[in-house]
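**Student:** Could you have a look at this structure, given as structure tokens, before my questions?
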């Protein structure tokens, strides 16, 4: 009888999900709840919390550094996303042909993805160094003027965006490659019968059929931009003149340099809200139905 | 002929992604004044920069800390996430769908929002500068649960039923029957969890201040940013090399799994 009942409700299921429920309550639920409280308080973590109403949000609206960090993220995304998609798409298309040693090429493009951002940043900091950096050494060798990669407010954020593209593009190559291989060859064969050119096939079959991958790349890059932290932390400390101050770096500074816990939580809360809005807008704008 | 040009261009593109690491390896072995040379070669190769790193910071301790933290989290994620994934895919109980929805919801929460309150929680628990702070918040992964749930759904029901008839408990079914037959899922979750934990630097920077508990990326960052490297590029590159080598070795062994895992999930490090 006991055995039969088991198939109705598996009580052991509760035992098995119990660790998750405890984990969720402590490390997700409580922090979420507490962040709702924190945003209405002033708190330096040592003395008691002081209720401040909407002070933090009001301060945020008039905080030039908050807007600056958003603008910097926007600059990062405007360079990073198109560059990422174009490079990844081109290389994925090349790797999708019948070529020798495809595994080797794929593994090479993927190498920077698995290596810590800390390593990449330290390496590129040398490349970008004004006097002795590799890039400027090459530039002056071929008779061009040196570029102030990290020490000019106009160049610093684009430099970081280029480095981030170099680090991440391998992942997107692999994602596009998987997307390309999922397109049924019968569609291309049908297009061949109708006399379509390679160009037409690319723009009228490949691009539309890759839409789900494209959305994924778009969203992952956006999340990456809003999570940018260690690159400016190591390379520039957010400078010159806050031109590489990213959202997370600003939250980190407010929380751990100035001990403004309430305000840092408010910043984080607002940034998280903006991320969700941006992702929803991106989906609305770019997601199309794919018929396969 | 066209084919040859094609391969030459492809090889150049590949070099753009690989050569920096070759350059870094040799630069870390060159004396300081030769580092800005383009050529990877030198007559004066030495381990001087590495010896300096060992002398100035307890990098071995940091390596062990990283190993302890990354391994504990990976093992824990495999055990717990597969258990929860199993319950959500093969057991029937009230509230199952609710828990599934909650997990989906948690995956959509940007980490920024919980960062500060989670730090406050660590302070309240007295966990700053402890291993618990580094390990416990990572012990269960929502992504792991979803992947295992999906994978276990396809496991043949007849085998599970047969094991039940033989009196095997659900824990026995999961760990002794399903696990040995789910190696690809275990490898995928294991690799992604280990790599993400190994490379994570923001969380250690938040909860650890004492040198003896620092993880390797954190120590290398503070060594480079702080004054200890004394702006010597060779020494900075040597410390970065030591941070990269363990993951590169694992990548060389499990290369195919790495790429397949991350292509499958779209999760990046």
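Protein chains in written order, with the working numbering: chain A, 1 to 292; chain B, 1001 to 1269. For every residue, glycine included, the Cβ atom is placed at its ideal position computed from N, Cα and C.
Could you work out which residues of chain B lie near residue 229/A, taking near to mean beta carbons separated by less than 7 Å?
**Tutor:** Counting from 1 along the first chain, the entry for residue 229/A is found at position 229. Those within 7 Å of residue 229/A in chain B are 1202.
**Student:** What three-state label does DSSP hand residue 229/A in the structure shown?
**Tutor:** On the first chain, position 229 is the one that residue 229/A refers to. Residue state, collapsed to three classes: coil.
**Student:** Whole angstroms is fine: what's the gap from residue 1148/B's alpha carbon to residue 1082/B's?
**Tutor:** What you label residue 1148/B is simply residue 148 of the second chain in a count that begins at 1. What you label residue 1082/B is simply residue 82 of the second chain in a count that begins at 1. Cα to Cα, residue 1148/B sits roughly 6 Å from residue 1082/B.
**Student:** Suppose you measure from the CA of residue 1217/B to the CA of residue 14/A; what does that come to, to the nearest Å?
**Tutor:** Within the second chain, residue 1217/B is the residue found at index 217, counting from 1. Within the first chain, residue 14/A is the residue found at index 14, counting from 1. Roughly 38 Å between the two C-alpha positions.
**Student:** Quick one: which residues of the region 1163-1189 of chain B get their C-beta closer than 7 Å to a C-beta of chain A? List them in chain order.
**Tutor:** Hits within the stretch, in order: 1170.
**Student:** Chain B beta carbons: is any one of them nearer than 9 Å to that of residue 283/A?
**Tutor:** Reading the first chain from its first residue, position 283 is the one you call residue 283/A. Chain B, which has no Cβ nearer than 9 Å to the Cβ of residue 283/A, makes this no.
**Student:** Is the CB-CB distance between residue 38/A and residue 266/A below 9 Å?
**Tutor:** Along the first chain, one-based indexing puts residue 38/A at 38. Along the first chain, one-based indexing puts residue 266/A at 266. For residue 38/A and residue 266/A, yes; Cβs fall inside 9 Å.
**Student:** Which stretch, first to last residue, makes up the alpha helix (DSSP H) that contains residue 189/A?
**Tutor:** As a first step, residue 189/A is located in the first chain; it is residue number 189 there, counting from the start. That run of the alpha helix (DSSP H) goes 185-193.
**Student:** Once you ignore the five residues that flank residue 1251/B on each side, which residues in its own chain have a CB closer than 6 Å to its CB?
**Tutor:** As a working note, residue 1251/B is residue 251 in the second chain. Cβ within range, chain order: 1258.
**Student:** How long is the line joining the alpha carbons of residue 134/A and residue 143/A, rounded to whole angstroms?
**Tutor:** As a first step, residue 134/A is located in the first chain; it is residue number 134 there, counting from the start. As a first step, residue 143/A is located in the first chain; it is residue number 143 there, counting from the start. Cα to Cα, residue 134/A sits roughly 14 Å from residue 143/A.
**Student:** Assign residue 1314/B to one of two classes, buried (16 or more other C-beta atoms within 10 Å of its C-beta) or exposed (fewer than that).
**Tutor:** The displayed coordinates of chain B run from 1001 to 1269. Any statement about residue 1314/B would go beyond what the structure contains.
**Student:** Taking only runs that begin and end inside the region 1026-1067 of chain B, name each unbroken beta strand (DSSP E) of 3 or more residues, in chain order.
**Tutor:** none
**Student:** Just the C-alpha distance for residue 1040/B and residue 1023/B, rounded to the nearest angstrom, thanks.
**Tutor:** As a first step, residue 1040/B is located in the second chain; it is residue number 40 there, counting from the start. As a first step, residue 1023/B is located in the second chain; it is residue number 23 there, counting from the start. Those two C-alpha atoms are separated by around 6 Å.
**Student:** For a contact defined as C-beta to C-beta under 9 Å, what are the partners of residue 10/A on chain B?
**Tutor:** Walking along the first chain from the start, residue 10/A turns up at place 10. The answer, in chain order, is 1087, 1090, 1091, 1092, 1093 and 1170.
**Student:** In terms of DSSP beta bridges, what is residue 42/A paired with?
**Tutor:** Position 42 of the first chain holds residue 42/A. DSSP links residue 42/A through a beta bridge to 50/A.
**Student:** Rounded to the nearest angstrom, what separates residue 294/A and residue 207/A at their Cα positions?
**Tutor:** The first residue shown for chain A is 1 and the last is 292, placing residue 294/A beyond what the model contains.
**Student:** Look at the Cβ atom of residue 1178/B, then the Cβ atom of residue 1086/B, and state whether they are nearer than 9 Å.
**Tutor:** Position 178 of the second chain holds residue 1178/B. Position 86 of the second chain holds residue 1086/B. In this structure, residue 1086/B lies closer than 9 Å to residue 1178/B by Cβ.
**Student:** With DSSP as the reference, label residue 1/A as helix, strand or coil.
**Tutor:** Here the question's residue 1/A lines up with position 1 in the first chain. In this predicted model, residue 1/A has a pLDDT of only 40, less than 50, meaning its place in the structure is not dependable; the value taken from the coordinates is given anyway. In the three-state reduction of the DSSP assignment, residue 1/A falls in the coil class, being assigned neither a helical nor a strand state.
**Student:** Whose CA, out of 1120/B, 1194/B and 1234/B, lies closest to the CA of residue 1068/B?
**Tutor:** Within the second chain, numbered from 1, the residue matching residue 1068/B stands at position 68. Among 1120/B, 1194/B and 1234/B, the Cα nearest to that of residue 1068/B belongs to 1194/B.
**Student:** Let me know if residue 1141/B comes out buried or exposed under the rule of 16 or more other beta-carbons within 10 Å of its beta-carbon.
**Tutor:** Stepping through the second chain from its first residue, residue 1141/B is reached at position 141. By the 10 Å Cβ count, residue 1141/B comes out buried.
**Student:** For residue 260/A, is the classification buried or exposed, using 16 other Cβ atoms within 10 angstroms of its Cβ as the cut-off for buried?
**Tutor:** On the first chain, residue 260/A is found 260 positions in, with the first residue counted as 1. Under this definition residue 260/A is a buried residue.
**Student:** Here's a check: name, in chain order, each residue in its chain whose Cβ is nearer than 7 Å to the Cβ of residue 148/A, leaving out the five neighbours to either side.
**Tutor:** Walking along the first chain from the start, residue 148/A turns up at place 148. For residue 148/A, where only same-chain residues beyond five positions count, the Cβ hits under 7 Å are 130 and 155.
**Student:** According to the neighbour-count rule (16 or more other Cβ atoms, all chains shown, within 10 Å of its Cβ), is residue 189/A buried or exposed?
**Tutor:** Reading the first chain from its first residue, position 189 is the one you call residue 189/A. By the 10 Å Cβ count, residue 189/A comes out exposed.
**Student:** DSSP on residue 1157/B, reduced to helix/strand/coil?
**Tutor:** One-based indexing of the second chain puts residue 1157/B at position 157. In this structure, residue 1157/B counts as helix in the three-state DSSP scheme.
**Student:** Quick test of the definition: if touching needs 3 or more C-beta pairs under 8 Å, does the region 1124-1133 of chain B touch the region 28-44 of chain A?
**Tutor:** no
**Student:** Note down, in chain order, every chain A residue with its Cβ under 9 Å from the Cβ of residue 1213/B.
**Tutor:** In the second chain, residue 1213/B corresponds to position 213, counting from 1. Here the premise fails: no neighbours, minimum Cβ distance about 16 Å.
**Student:** Is it the case that the Cβ atoms of residue 1084/B and residue 17/A are separated by a distance below 9 Å?
**Tutor:** Locating residue 1084/B in the second chain gives position 84, where the first residue counts as 1. Locating residue 17/A in the first chain gives position 17, where the first residue counts as 1. Taking 9 Å as the Cβ cut-off, residue 1084/B and residue 17/A qualify as a contacting pair.
**Student:** Here's a check: name, in chain order, each residue in its chain whose Cβ is nearer than 7 Å to the Cβ of residue 65/A, leaving out the five neighbours to either side.
**Tutor:** On the first chain, residue 65/A is found 65 positions in, with the first residue counted as 1. Around residue 65/A: 242, 245 and 250.
**Student:** Less than 8 Å between the CB atoms is what I'm expecting for residue 123/A and residue 1058/B, so what's the real figure, rounded?
**Tutor:** Mapped onto the first chain, residue 123/A falls at position 123. Mapped onto the second chain, residue 1058/B falls at position 58. In fact, because the Cβ distance is near 23 Å, the residues do not count as touching under 8 Å.
**Student:** Which residues in chain A have a C-beta closer than 7 Å to the C-beta of residue 1271/B? List them in chain order.
**Tutor:** As shown, chain B starts at 1001 and ends at 1269. That puts residue 1271/B outside it, with no answer to give.
**Student:** Could you please tell me which residues of the region 1099-1131 of chain B, in chain order, have their CB closer than 8 Å to any CB of chain A?
**Tutor:** 1099, 1102, 1103, 1106, 1108, 1109, 1110, 1111, 1112, 1113, 1114, 1115, 1116, 1117, 1118, 1119, 1120, 1121 and 1123
**Student:** How many angstroms separate the CA atom of residue 1038/B from the CA atom of residue 268/A?
**Tutor:** In the second chain, counting from the first residue as 1, residue 1038/B sits at position 38. In the first chain, counting from the first residue as 1, residue 268/A sits at position 268. When rounded, the distance between both Cα atoms is 43 Å.
**Student:** Taking C-alpha atoms, which residue in 274/A, 23/A, 234/A and 284/A lies nearest to residue 73/A?
**Tutor:** Along the first chain, one-based indexing puts residue 73/A at 73. Here the closest residue by C-alpha is 274/A.
**Student:** Please identify, using Cβ separations under 7 Å, the residues of the region 30-43 of chain A that lie next to chain B, in order along the chain.
**Tutor:** The residues in question are 30, 31, 32, 34, 35 and 38.
**Student:** Starting from the beta carbon of residue 261/A, find every residue of chain B whose beta carbon is closer than 8 Å, and list them in chain order.
**Tutor:** To locate residue 261/A, count along the first chain from 1; it is residue 261. Chain B residues near residue 261/A: 1116 and 1120.
**Student:** In or out: residue 105/A buried (at least 16 other Cβ within 10 Å) or exposed?
**Tutor:** The sequence position of residue 105/A within the first chain is 105, counting from 1. Buried.
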